[in-house]
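Working notes for the structure below.
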Amino acid sequence: MTAHRSTLRRTAAAAAAAAAALVLAACGASDNGSAGSDGGASQSPAASASASQGEHNAADVAFAQGMIPHHRQAIEMADLAPSRAQSAEVKKLAEEIKKAQDPEIKTLTSWLESWGEEVPAEGAMDHSAHGMDGMMTPEQMEELEKASGKAFDTAFLEMMIEHHEGAVAMAKTEQADGAYPPAKDMAEDIITSQSAEIAQMNKLLGKN
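Under my numbering, the first residue of the sequence shown is numbered 774, with each subsequent residue one higher.
Shown next, in the form of structure tokens:
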């Protein structure tokens, strides 16, 4: 009888230990989101990305894969300004756009690689990319390349406003549908910085 009770006690203890392990595992899984969010501020980008792996969804992938060619085109446009723009303010704005968006391309690329997702190929401006919010057509890019002086300034500002508006729309979609905290943070930064640049460009055009 004593041996029987001892066996029962051991069985109950084993069951309790297994249940506790399951609870701990569940807590760990549910805490990942907050850990990834908090870690983004204190850890290095690489450590944060590694710690937060798996916490992304299809919207995060679409955001990264869409924003890379979008940013690349903005940089391509900005690269034309030093030799073609007349306005010093346009040249300075183009430089700031490059400075902000080039590091973001690198970050977006590292996320896709860590997720095992395809990174858009360099220079692969396919038809689907041109259908994206705010993307310039090949004809518009050709028009910008041929312009100079004040005509370039006007074309650059008008096209970049449209381009930025597209990026802001994409970032708002990420904020609404995404799950990966660092991507949502980047989306917030894009909305803030590019909305401010849109206001600045409208002012340069005399629209406000």
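All C-beta atoms in this analysis are idealised placements derived from N, C-alpha and C, irrespective of residue type, glycine included.
Remember, it's a predicted structure, so these values are computed and weren't measured experimentally.
With 16 other Cβ atoms within 10 Å as the buried cut-off, status of residue i
i, result
"ALA831", "exposed"
"LYS957", "buried"
"ALA851", "buried"
"PRO842", "buried"
"ALA837", "buried"
"LEU930", "buried"
"ALA854", "buried"
"ALA928", "buried"
"ALA894", "exposed"
"GLU970", "buried"
"GLY889", "exposed"
"PRO911", "exposed"
"ALA972", "exposed"
"ALA867", "buried"
In DSSP terms, what residue i is bridged to
i, result
"GLY922", "ALA858"
Boundaries of the alpha helix (DSSP H) in which residue i is found, first to last residue
i, result
"THR965", "954 to 977"
Cβ pair residue i, residue j closer than 8 Å
i, j, result
"GLN913", "HIS937", "no"
"LEU885", "GLU877", "no"
"ALA940", "GLN948", "no"
"ASP926", "GLN859", "yes"
"LEU977", "GLU862", "yes"
"ALA920", "ARG857", "yes"
"GLY907", "GLU935", "yes"
For residue j and residue i, believed in contact at Cβ under 8 Å, the rounded distance
i, j, result
"GLY839", "MET905", "6 Å"
"LYS871", "ILE848", "5 Å"
"ASP833", "TYR953", "4 Å"
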